[in-house]
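In what follows, a single structure is set out as structure tokens and then discussed.
Numbering (this note's numbering), first residue to last: 97 to 358.
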């Protein structure tokens, strides 16, 4: 049996145990290591960009070069990551833009099947590395799911995951916290999987990948939002996609507002 084909069987053996392991690490003050970029690492593995549209960030590679996607996952696993993310960060953007043509160079595939394949590729890499029982898979999506149509996307994702779910959902690289963001997070929680959130924020407010700032400091609004996310049932809160030196002081500042794992 191939690694990918056996992923469903492995999932059935340890339902929820991989996520429980991660949370035990948190409870005992052990560092939980997440992976890094997938789309940009695909360039290192494959030698070229998987697609022209930058906002897709390697999404089409799930169909066109799945071996490269699995290789990226394996590299992160081999250096000791406890959580790896599916190569699906750009999926909400693709759907927002009219149902991305993810299959221009391959057979027609529905986006829900792309989501399923992404989970299986991550599982296959874990099986190949001999860490299937312990390594958690996070289904990655970006903030473009925070739209009126995004609620239906989330409902369909829950259906797509009925047979072979990831261990958690990670909505990452968020910037603003809108009133609609809470409804989107609630919809994600209703999917029945743990939900983690990650923001591009520093002590100066919204922060860009090169350290640029927008809007200026906003008092304690983001901290209050973090507290509300905790009360809703979000499992962890992160900061991502900003320069490391802009993270300084952010975790201690957030700790004043929330007891969530950071």
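For every residue, glycine included, the Cβ atom is placed at its ideal position computed from N, Cα and C.
- Taking 9 Å as the cut-off, the beta carbon of residue 272 is found no closer than this to the beta carbon of residue 305.
- The three-state secondary structure of residue 124, taken from DSSP, is coil.
- Checking the DSSP bridge columns, you'll see residue 206 has no partner listed.
- Listed in chain order, the non-local C-beta contacts of residue 188 below 6 Å within the same chain comprise 237, 238, 240, 241, local neighbours out to five positions each way being set aside.
- Residue 175 sits exposed, since fewer than 16 C-beta atoms from the chains shown fall within 10 Å of its C-beta.
- Annotation: residue 298 to residue 343 spans about 6 Å, alpha carbon to alpha carbon.
- Unbroken alpha helix (DSSP H) stretches of 4 residues or longer found wholly inside the stretch 251-321: 275-286, given in chain order.
- When rounded, the separation of the alpha-carbon atoms in residue 115 and residue 177 is 13 Å.
- For residue 236, the enclosing beta strand (DSSP E) covers residues 232-238.
- Boundaries for residue 129: no alpha helix (DSSP H) harbours it, and the DSSP string shows neither H nor E there.
- Within the DSSP secondary-structure output, residue 335 pairs in a beta bridge with 295.
- Excluding residues up to 5 positions away in sequence, 273 lie with their Cβ nearer than 8 Å to the Cβ of residue 317 in the same chain.
- In chain order, 285 place their CB closer than 7 Å to the CB of residue 329, counting only its own chain and leaving out the 5 sequence neighbours on each side.
- Closest option to residue 294, judged by alpha-carbon separation, among 336, 348, 228: 336.
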